[in-house]
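Student: First, the structure itself, so that you have it in front of you.
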Amino acid sequence: MKSLVAAACMALAGTAALADGHGGKLKVGMITTLSGGGAGLGIDVRDGFLLAAKGSDMLDIVIEDDQQKPDIAVQLADKMIQSEKVDVLTGIIWSNLAMAVVPSATAQGKFYLSPNAGPSALAGQGCSPLYFNVAWQNDAFYEAGGLWANDNDIEKVFLMAPNYPAGIDGMTGFKRTFEGEIVNEVYTKLGQTDYAAEIAQIRASDADTVYFFLPGGMGISFMKQWAGSGVDKNVMGPAFSFDQGILGAIGEAALGVKNTAHWAKDLDVPGNAEFVQAFQDEYGRLPSLYAAQGYDTALLLMSAMGKADVNDQDAFQAALKEADFQSVRGDFAFADNHHPIQDIYMREVVKEGDVVTNKIIGVAASDHSDVYGAECKM
0 MKSLVAAACM
10 ALAGTAALAD
20 GHGGKLKVGM
30 ITTLSGGGAG
40 LGIDVRDGFL
50 LAAKGSDMLD
60 IVIEDDQQKP
70 DIAVQLADKM
80 IQSEKVDVLT
90 GIIWSNLAMA
100 VVPSATAQGK
110 FYLSPNAGPS
120 ALAGQGCSPL
130 YFNVAWQNDA
140 FYEAGGLWAN
150 DNDIEKVFLM
160 APNYPAGIDG
170 MTGFKRTFEG
180 EIVNEVYTKL
190 GQTDYAAEIA
200 QIRASDADTV
210 YFFLPGGMGI
220 SFMKQWAGSG
230 VDKNVMGPAF
240 SFDQGILGAI
250 GEAALGVKNT
260 AHWAKDLDVP
270 GNAEFVQAFQ
280 DEYGRLPSLY
290 AAQGYDTALL
300 LMSAMGKADV
310 NDQDAFQAAL
320 KEADFQSVRG
330 DFAFADNHHP
340 IQDIYMREVV
350 KEGDVVTNKI
360 IGVAASDHSD
370 VYGAECKM
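The numbering of the sequence shown is numbering that gives the first Met the number 0, which starts it at 0 and goes up by one.
Here it is in structure tokens:
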């Protein structure tokens, strides 16, 4: 970890003259979810970002809680841009909040680096030279899940997701690649916690597999109710419903579930083991993929700072596009729409000692990029 921080600091050496006047620092406005049912995701993004920035005196970071409410996120973004005079915005977890904030922020000439939300509208016609997604486009994990299902004799699937942009994008992605039969497709309320009716529908269906996306507290509630239901069907999904913070709440009920992700703590790439250990040392818990995304977002930002002045938008954009940093995911590059090109893995929920966690069991999609880039004109 010391070597990683040292490398980041060396990249920043001599860039004080490039900063725009915030006491020689680049000012970052982080708007993320720090309270309510989705707080764990925002806390992990924040903590990963702060871990990567630890030891650097070049960032001035302002952090606010959006409470998972679009109107509050918009108010905070306006305050940060107009009063706080931030140079870069980041942090948003939820796609509906991103859709409310990102177009306005970029229209006001601010860079936005997404550490999580990746709605299709911002990858396609709504792309912007000032918008970079450092996580994934929403469909990615689901497209990889469909490919994995094809290769592993899964024939009939019951789909379920919350009725908001990320949920709709996700199921669209799965259907884009899955070659079997979709026996039912159910969209729940965002924030729903009672799934008795949906579990009854699943029980009555002839699906061999349930493929669902229910992030944060929604996924915890569903899996606990599912475990007690006695329904005997395979369970798959994207990592968002089976990441480390969620597994801590679900426990052994999630064992055997398969989920797609671009990162895992056992991924054997340079810097990842050091990141996992440093995160545990700093925060006393295992990192999640959200923490990894926050960490990479800070590394990307600092790498660009070492090459360009944020006030020179063309130069800073080019520096970000280079993605000249060691991602804890391994190979990482940006497509022309500023969304990632990266491998996506299949993980299985296992128990290691007393800890329920994920283990990589294979590659679901190599060098994956989204389909919406063809609609991006910039």
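Each residue gets a CB set at the ideal place from its N, CA and C atoms; glycine is no exception.
So does Ser127 have its beta carbon nearer than 7 Å to some heavy atom of the ligand PLP?
Tutor: Ligands are entirely absent from the displayed structure, and the ligand PLP is therefore not among its contents.
Student: Do the segment 152-167 and the segment 325-333 meet, that is, are 3 or more Cβ pairs less than 8 Å apart?
Tutor: Cβ pair count under 8 Å is below three, so no.
Student: Which residue spans inside the segment 66-142 form an unbroken beta strand (DSSP E) run of at least 3?
Tutor: Counting whole runs of 3 or more residues, the segment 66-142 contains the beta strand (DSSP E) stretches 87-89, 110-113, 130-132.
Student: Grouping DSSP H, G and I as helix and E and B as strand, with all else coil, what is Tyr443?
Tutor: Residue coverage of the chain in this structure runs from 0 to 377, which leaves residue 443 outside it and unanswerable.
Student: Could you give the first and the last residue of the continuous beta strand (DSSP E) run that contains Glu184?
Tutor: From DSSP, the beta strand (DSSP E) with Glu184 extends over 180-187.
Student: With a cut-off of 8 Å on the beta carbons, I'd call Asp342 and Ser365 a contact; round off their distance for me.
Tutor: Yes, Asp342 and Ser365 are in contact; Cβ-Cβ is about 5 Å, under 8 Å.
Student: So does the segment 105-113 actually touch the segment 83-92, counting three or more Cβ pairs closer than 8 Å?
Tutor: They touch, by the three-pair rule.
Student: On the three-state DSSP scale, how would you describe Ile30?
Tutor: In this structure, Ile30 counts as strand in the three-state DSSP scheme.
Student: Quick check: the Cα distance between Gly380 and Gly215, rounded to an integer number of angstroms?
Tutor: The structure shown does not extend to residue 380, since the chain is modelled only from 0 to 377, so the question has no answer here.
Student: Starting from Gln341, trace the alpha helix (DSSP H) in both directions and tell me its first and last residue.
Tutor: Premise fails: Gln341 lies in the beta strand (DSSP E), 339-351, not in any alpha helix (DSSP H).
Student: Around the Cβ of Pro237, are there at least 16 other Cβ atoms within 10 angstroms (buried) or fewer (exposed)?
Tutor: Buried is the call here.
Student: Among residues of its own chain, excluding the 5 on either side of Phe333, which ones have a beta-carbon nearer than 6 Å to its beta-carbon?
Tutor: Excluding sequence neighbours, Phe333 sits near Lys320, Ala322.
Student: Leaving aside the five residues before and after Thr105 along the sequence, list all residues of the same chain whose C-beta is less than 7 Å from its C-beta, in chain order.
Tutor: If we look at Thr105 and ignore the five residues flanking it on each side, its Cβ neighbours are Tyr111, Ser127, Leu129, Tyr130.
Student: Would Tyr294 pass as a contact of Leu40 if the rule is Cβ separation under 8 Å?
Tutor: Not in contact: Tyr294 and Leu40 (Cβ atoms no closer than 8 Å).
Student: Could you tell me whether the Cβ atoms of Val101 and Leu75 are closer together than 8 Å?
Tutor: Contact flag unset, no.
Student: Taking only three categories from DSSP, how would you classify Lys358?
Tutor: Of the three classes helix, strand and coil, the one that applies to Lys358 here is strand, per DSSP.
Student: Tell me whether Lys232 sits in a helix, a strand or coil according to DSSP, three-state version.
Tutor: In this structure, Lys232 counts as coil in the three-state DSSP scheme.
Student: Between which two residues does the beta strand (DSSP E) carrying Ile62 extend?
Tutor: Segment 58-64, the beta strand (DSSP E) holding Ile62.
Student: Can you give the Cα-Cα distance for Ser381 and Val355, rounded to whole angstroms?
Tutor: Any property of residue 381 remains undetermined from this structure, which presents the chain solely from 0 to 377.
Student: Along the alpha helix (DSSP H) that carries Phe241, what are the first and last residues, could you check?
Tutor: Looking at the DSSP string, Phe241 is not in any alpha helix (DSSP H), and its letter there is neither H nor E.
Student: Tell me, which residues are paired with Ala160 by DSSP?
Tutor: Ala160 is bridged to Tyr186.
Student: Let me make sure I understand the geometry here. Which of Val309, Ala195, Met345, Leu298 has the alpha-carbon closest to that of Gly54?
Tutor: For Gly54, the nearest C-alpha among the options comes from Leu298.
Student: On the DSSP bridge list, what partners appear for Ala334?
Tutor: Its beta-bridge partners do not exist; DSSP assigns none.
Student: Expressed to the nearest angstrom, what Euclidean distance is found between the alpha-carbon atoms of Ile62 and Val182?
Tutor: So the two alpha carbons sit approximately 44 Å from each other.
Student: Just curious, the alpha helix (DSSP H) that Tyr282 is in, first and last residue?
Tutor: First-last of the alpha helix (DSSP H) with Tyr282: 271-282.
Student: Would you give the residue range spanned by the alpha helix (DSSP H) that Val44 belongs to?
Tutor: It spans 38-52 - the alpha helix (DSSP H) in which Val44 sits, taken as one unbroken run.
Student: Using the DSSP secondary-structure output, state which residues sit across from Leu25 in a beta bridge.
Tutor: Partner(s): Leu58.
Student: Specify, as a first and last residue, the run of the alpha helix (DSSP H) that Lys320 falls within.
Tutor: Per DSSP, Lys320 belongs to the alpha helix (DSSP H) from 312-321.
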